[in-house]
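Trainee:
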Amino acid sequence: MNIFTEFGRYLLMLKDMFSKPENMKMYWKELMHQCVEIGIRSLGIVVIISFFMGAVSALQTAYQLVSPLLPRSTIALIVRDTVILEFAPTLVCIVLAGVVGSKIAGELGNMRVSEQIDALEIMGINTRTYLVLPKILAAMITIPLLVVISMVLGIWGGRLASVATGIVAASQFDKGLLQNFLPYNVFFALAKAYTFSFIISSISSFYGYYVKGGSLEIGRASTQSVIVSCVLILLADYVLSAVLL
Amino acid sequence: MIEIKDLKKTFGDKTVIDGVSAVMQTGKCNLIIGSSGSGKTVFMKCLVGLFEPDSGEILYSGKNFTTMNEEERKELRQQIGMLFQGSALFDSMTVEQNIMFPLDMFTKVSFQEKLKRVNEVLARVNLENVNDKFPAEISGGMKKRVGIARAIVLNPKYLFCDEPNSGLDPQTSLLIDKLIKEITLEYKITTVVNTHDMNSVMETGDHIIYMHQGIKEWEGTNKEIIFSKNQKLNEFIFASEFLQDAKDMRMLEMKGKIDNNRNMDELLK
Ligand SMILES: Nc1ncnc2c1ncn2[C@@H]1O[C@H](COP(=O)(O)OP(=O)(O)OP(=O)(O)O)[C@@H](O)[C@H]1O
Ligand SMILES: [Mg+2]
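Just so you know, the sequences run in chain order A and B.
Under numbering that gives the first Met the number 0, the first sequence has 0 at position 1, and the numbering climbs by one with no breaks.
Under numbering that gives the first Met the number 0, the second sequence has 125 at position 126, and the numbering climbs by one with no breaks.
1) Rounded to whole angstroms, what's the CA-CA distance from Q33 of chain A to K177 of chain B? Just pull it up for me.
2) Anyone know if the C-beta pair for G53 of chain A and G212 of chain A falls short of 8 Å?
3) Enumerate in chain order the residues of its own chain whose CB-to-CB distance from V124 of chain B is below 6 Å, with the five nearest sequence positions on each side excluded.
4) Just to be sure I understand the criterion: a residue counts if its Cβ is closer than 7 Å to at least one heavy atom of ligand 2. Which residues meet that?
5) Less than 8 Å between CB atoms is the rule here; does D117 of chain A satisfy it with respect to chain B?
6) Hey, how far is the Cα of V35 of chain A from the Cα of K28 of chain A?
7) Which of the three DSSP states is assigned to G55 of chain B in this structure?
8) Just tell me which of A:I74, A:V65, A:L13 and A:L145 has its CA closest to the CA of Q178 of chain A.
9) Can you give me the start and stop residues for the alpha helix (DSSP H) that F159 of chain B sits inside?
10) Can you pull the DSSP bridge partners for L30 of chain B?
11) What's the call for D281 of chain B, buried or exposed, on a 16-neighbour Cβ count within 10 Å?
12) Answer yes or no: do I135 of chain A and S201 of chain A have a C-beta to C-beta separation smaller than 8 Å?
13) For M16 of chain A, report the span of its beta strand (DSSP E) as first-last.
14) Name the residues in the stretch 80–96 of chain B whose C-beta lies less than 9 Å from a C-beta of chain A; which are they?
15) Whole angstroms are fine: how far does the CA of R72 of chain B sit from the CA of F180 of chain A?
16) Put I137 of chain B into one of helix, strand or coil per three-state DSSP.
17) To the nearest angstrom, how far is the alpha carbon of V94 of chain A from that of E202 of chain B?
18) Just to make sure I have the definition right: I need the residues of chain B whose C-beta is within less than 8 Å of the C-beta of G108 of chain A. Which are they?
19) Step through the CB atoms of chain A and report whether any lies within less than 8 Å of the CB of K73 of chain B.
20) With a Cβ-Cβ cutoff of 8 Å, do I217 of chain A and A96 of chain A count as a contact?
21) Count the other CB atoms, across all protein chains shown, that sit within 10 Å of the CB of S66 of chain A; report buried if there are 16 or more and exposed otherwise.
22) Here's the rule I'm using: 16 or more other beta-carbon atoms within 10 Å means buried, otherwise exposed. How should T40 of chain B be labelled?
23) I'd like to know if R116 of chain B contacts chain A, where contact means its C-beta is closer than 8 Å to some C-beta of that chain.
24) On the criterion of 16 or more Cβ atoms from any shown chain inside 10 Å, does F17 of chain A qualify as buried, or is it exposed?
25) Indicate, with yes or no, if ligand 1 has a heavy atom lying under 7 Å from the CB of K7 of chain B.
26) Rounded C-beta distance between G100 of chain A and I199 of chain A? I'm assuming under 8 Å.
27) Does any C-beta atom of chain A lie closer than 8 Å to the C-beta of M104 of chain B?
28) Once the 5 residues before and after L239 of chain A are set aside, which same chain residues still bring their CB inside 6 Å of it?
29) DSSP three-state call for G213 of chain B: helix, strand or coil?
30) Give a yes or no on whether the minimum CB-CB distance between E21 of chain A and chain B is below 8 Å.
31) Can you tell me the Cβ-Cβ gap for M150 of chain A and V55 of chain A, rounded? I've got them flagged as a contact below 8 Å.
32) Counting only Cβ pairs nearer than 7 Å, list the residues of chain B close to S113 of chain A.
33) Run through chain E and tell me which residues come within less than 9 Å of V191 of chain B, C-beta to C-beta.
34) Determine the direct distance from the alpha carbon of I226 of chain A to that of N125 of chain A, and round the result to whole angstroms.
35) Which residues in the same chain have their Cβ closer than 6 Å to the Cβ of F195 of chain A, if we skip the five residues on either side of it in sequence?
36) Pair every Cβ in the stretch 166–181 of chain B with every Cβ in the stretch 8–16 of chain B, then say whether three or more of these pairs are closer than 8 Å.
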């Protein structure tokens with residue numbers, strides 16, 4: 000199948016997602032369930048990587064910043080901006096493309112192969128609305144929140160590492176944090192987070208929903224969905240930076 | 000009543016259903032029999048719209064299913080119950096939640112009433128104390144029965160069962176056959192069953208369609224089937240030498256008994 004028919008099918012799936020729910024309460028329940036599955040269940044990994052990426056970026060910035068002319072508090076400023084602009088939204092979303100994406104593709108693929116999707120269709124349920132839409136919405140609700148958490152933890156990790164290794168004193172670090180702060184950067188990061196969470200959830204839903212064959216293909220579909228969403232995330236990252244900055 | 004007119008379905012260049020016409024009658028168990036790979040499952044999935052047929056028409060009580068749009072199909076499907084060959088239970092839900100799911104989605108009654116209905120259908124398929132088990136924790140035959148329970152929980156007008164008693168012991172198998180027959184008569188529904196189990200053919204076959212390589216070879220009732228002169232059908236029914244011998248030896252006797260007895264076991268006594 001060529002890339003254009005595949006893309007057409009992807010758009011059709013998105014379009015068919017919008018139909019009237021048979022029973023609002025059940026759809027709400029499914030949405031909440033997905034928020035837990037996607038958001039809460041990836042909290043742990045997000046906490047760990049955010050903390051360390053902040054810490055590491057503080058140490059490495061200090062290592063590169065050898066000029067005695069620059070005040071040490073600049074480290075805080077650089078850590079803050081790299082974490083907010085790039086690390087928290089992009090790095091976290093790349094990791095989530097693996098964690099959340101393979102999970103979504105695997106779940107839907109399994110439902111397709113074991114005919115659970117057919118069983119829902121036979122009951123008279125639009126499975127794109129019932130299965131795909133809540134996943135995309137849940138991802139767009141929870142992933143930007145995770146990104147915000149990641150920003151805070153990343154900066155905190157940077158501060159902790161700097162103070163612990165004696166590179167910058169806590170008071171100096173805090174002073175640096177407040178220098179030249181642009182709220183627009185946070186807005187930009189959130190724009191990225193929303194775009195990436197849509198990419199992750201819709202691409203992995205697409206690959207999972209249209210699995211054909213057996214369990215071997217489920218694995219293949221989740222790998223494929225991770226690769227495609229990662230590439231698209233990097234591409235979108237470039238486009239958004241070119242347009243919004 | 001479901002009318003099927005000249006249904007065709009191909010996969011690539013392989014013709015799986017080759018121009019089948021039939022009428023599935025209301026209040027009867029319409030059986031589709033045939034050997035493995037003859038196209039029974041594909042035929043059933045065409046009837047409910049999980050596969051789009053290449054040509055032909057399907058009419059549900061006179062309404063053309065093939066030309067219906069998504070919304071109309073959804074409406075019709077709320078009157079359809081289906082058991083899949085592989086059961087297709089939702090594996091993230093317990094048995095109770097599986098069966099309650101259609102009730103949750105399409106009714107507004109209280110939880111107590113739903114639970115009552117769930118236990119009612121579970122009792123009908125002879126299952127007890129499995130409410131809180133997950134599909135992975137029950138046997139294949141039990142999954143089949145949960146699948147049937149889920150299919151009948153909303154009292155469908157059309158019931159489709161793909162091999163309801165494969166993988167069941169003879170006793171449970173008989174129970175399921177009886178159950179399907181009972182609800183078909185009780186609620187005057189249109190039931191379509193795929194099977195290759197001769198016991199259930201004799202037990203429930205009010206109307207039998209024999210499929211061979213995508214073609215309807217023979218059509219009739221369980222009273223007529225063992226006297227059919229159709230070569231391929233005979234090969235299918237009397238595949239076991241035991242049955243063939245029994246048939247030859249008792250042919251005359253059986254002719255006298257056939258009207259009173261429906262059960263193969265009894266015939267061969
Ligand atoms: N999705 C598909 N794509 C391609 N070919 C298929 C597909 N589904 C079924 N077939 C082919 O159609 C034929 C009929 O299959 P079907 O599943 O209907 O058999 P069946 O009569 O239900 O057999 P069984 O009794 O073993 O369940 C088989 O030869 C199969 O290879
Ligand atoms: Mg089959």
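Cβ coordinates follow ideal geometry from the N, Cα and C atoms, glycine included.
Small disclaimer: the values here were computed from a predicted structure and weren't measured.
Mentor: The answer reads as follows:
1) Within the first sequence, numbered from 1, the residue matching residue 33 of chain A stands at position 34. Within the second sequence, numbered from 1, the residue matching residue 177 of chain B stands at position 178. Looking at the two C-alpha atoms, the distance is approximately 41 Å.
2) Along the first sequence, one-based indexing puts residue 53 of chain A at 54. Along the first sequence, one-based indexing puts residue 212 of chain A at 213. No.
3) Here residue 124 of chain B refers to the residue found at position 125 when the second sequence is read from its first residue. Answer for V124 of chain B: R144, I147 and A148, listed in chain order.
4) B:K39, B:T40, B:Q84, B:D161, B:E162 and B:N193
5) Along the first sequence, read from residue 1 onward, the residue named residue 117 of chain A stands at position 118. Closer than 8 Å: yes.
6) For the purposes of this step, residue 35 of chain A is identified with residue 36 of the first sequence, where counting begins at 1. For the purposes of this step, residue 28 of chain A is identified with residue 29 of the first sequence, where counting begins at 1. Spanning the two alpha carbons is a distance of roughly 11 Å.
7) As a position in the second sequence, residue 55 of chain B is number 56, starting the count at 1. Looking at G55 of chain B - three-state DSSP - the assignment turns out to be strand.
8) Position 179 of the first sequence, counting from 1, holds the residue named residue 178 of chain A. For Q178 of chain A, the nearest C-alpha among the options comes from A:I74.
9) Here residue 159 of chain B refers to the residue found at position 160 of the second sequence. First-last for F159 of chain B: Y157 to D161, but that is the beta strand (DSSP E), not the alpha helix (DSSP H).
10) Working through the second sequence from its first residue, we reach residue 30 of chain B at position 31. Beta-bridge pairing links L30 of chain B to B:V192 and B:I207.
11) As shown, chain B starts at 0 and ends at 268. That puts residue 281 of chain B outside it, with no answer to give.
12) Position 136 of the first sequence, counting from 1, holds the residue named residue 135 of chain A. Position 202 of the first sequence, counting from 1, holds the residue named residue 201 of chain A. In this structure, S201 of chain A lies closer than 8 Å to I135 of chain A by Cβ.
13) By 1-based counting over the first sequence, the position of residue 16 of chain A is 17. Note, M16 of chain A: premise wrong, no beta strand (DSSP E); not H, not E.
14) G80, M81, F83, Q84, G85, S86, A87, L88, F89, D90 and S91
15) Within the first sequence, numbered from 1, the residue matching residue 180 of chain A stands at position 181. Within the second sequence, numbered from 1, the residue matching residue 72 of chain B stands at position 73. For F180 of chain A and R72 of chain B, the distance between alpha carbons rounds to 57 Å.
16) On the second sequence, residue 137 of chain B is found 138 positions in, with the first residue counted as 1. Note: I137 of chain B maps to coil in three-state DSSP.
17) Sequence index remark: in the first sequence, residue 94 of chain A carries index 95 (1-based). Sequence index remark: in the second sequence, residue 202 of chain B carries index 203 (1-based). Taking the straight line from one Cα to the other gives about 58 Å.
18) If you number the first sequence from 1, residue 108 of chain A lands on position 109. What G108 of chain A touches in chain B: nothing, since even the nearest Cβ is about 13 Å away.
19) Position 74 of the second sequence holds residue 73 of chain B. K73 of chain B counts as touching chain A.
20) As a first step, residue 217 of chain A is located in the first sequence; it is residue number 218 there, counting from the start. As a first step, residue 96 of chain A is located in the first sequence; it is residue number 97 there, counting from the start. Going by C-beta atoms, I217 of chain A is not nearer than 8 Å to A96 of chain A.
21) For this step, residue 66 of chain A is matched to residue 67 along the first sequence. Exposed, since its Cβ has fewer than 16 Cβ neighbours within 10 Å.
22) Position 41 of the second sequence, counted from the start, is the residue given in the question as residue 40 of chain B. Counting Cβ neighbours within 10 Å, T40 of chain B comes out buried, since at least 16 surround it.
23) Your numbering for residue 116 of chain B matches position 117 in the second sequence. No, its Cβ sits nowhere closer than 8 Å to a Cβ of chain A.
24) As a position in the first sequence, residue 17 of chain A is number 18, starting the count at 1. The residue is exposed, with fewer than 16 neighbouring Cβ atoms inside 10 Å.
25) Residue numbering aside, residue 7 of chain B sits at position 8 when the second sequence is read from its first letter. No - ligand 1 has no heavy atom lying nearer than 7 Å to the Cβ of K7 of chain B.
26) As a first step, residue 100 of chain A is located in the first sequence; it is residue number 101 there, counting from the start. As a first step, residue 199 of chain A is located in the first sequence; it is residue number 200 there, counting from the start. Right, their Cβ atoms sit about 5 Å apart.
27) Here residue 104 of chain B refers to the residue found at position 105 when the second sequence is read from its first residue. Chain A, which has a Cβ nearer than 8 Å to the Cβ of M104 of chain B, makes this yes.
28) Walking along the first sequence from the start, residue 239 of chain A turns up at place 240. Contacts found: K191.
29) Here residue 213 of chain B refers to the residue found at position 214 of the second sequence. In this structure, G213 of chain B counts as coil in the three-state DSSP scheme.
30) The residue labelled residue 21 of chain A in the question sits at position 22 within the first sequence. By this cut-off, E21 of chain A is an interface position.
31) Here the question's residue 150 of chain A lines up with position 151 in the first sequence. Here the question's residue 55 of chain A lines up with position 56 in the first sequence. About 16 Å; that fails the 8 Å criterion.
32) Your numbering for residue 113 of chain A matches position 114 in the first sequence. Those within 7 Å of S113 of chain A in chain B are G85 and A87.
33) Structure shown: chain E not included; protein chains present are A and B.
34) By one-based count along the first sequence, residue 125 of chain A stands at place 126. By one-based count along the first sequence, residue 226 of chain A stands at place 227. When rounded, the distance between both Cα atoms is 28 Å.
35) Taking the first residue of the first sequence as position 1, residue 195 of chain A is located at position 196. Correct list, in chain order: C92 and I232.
36) no
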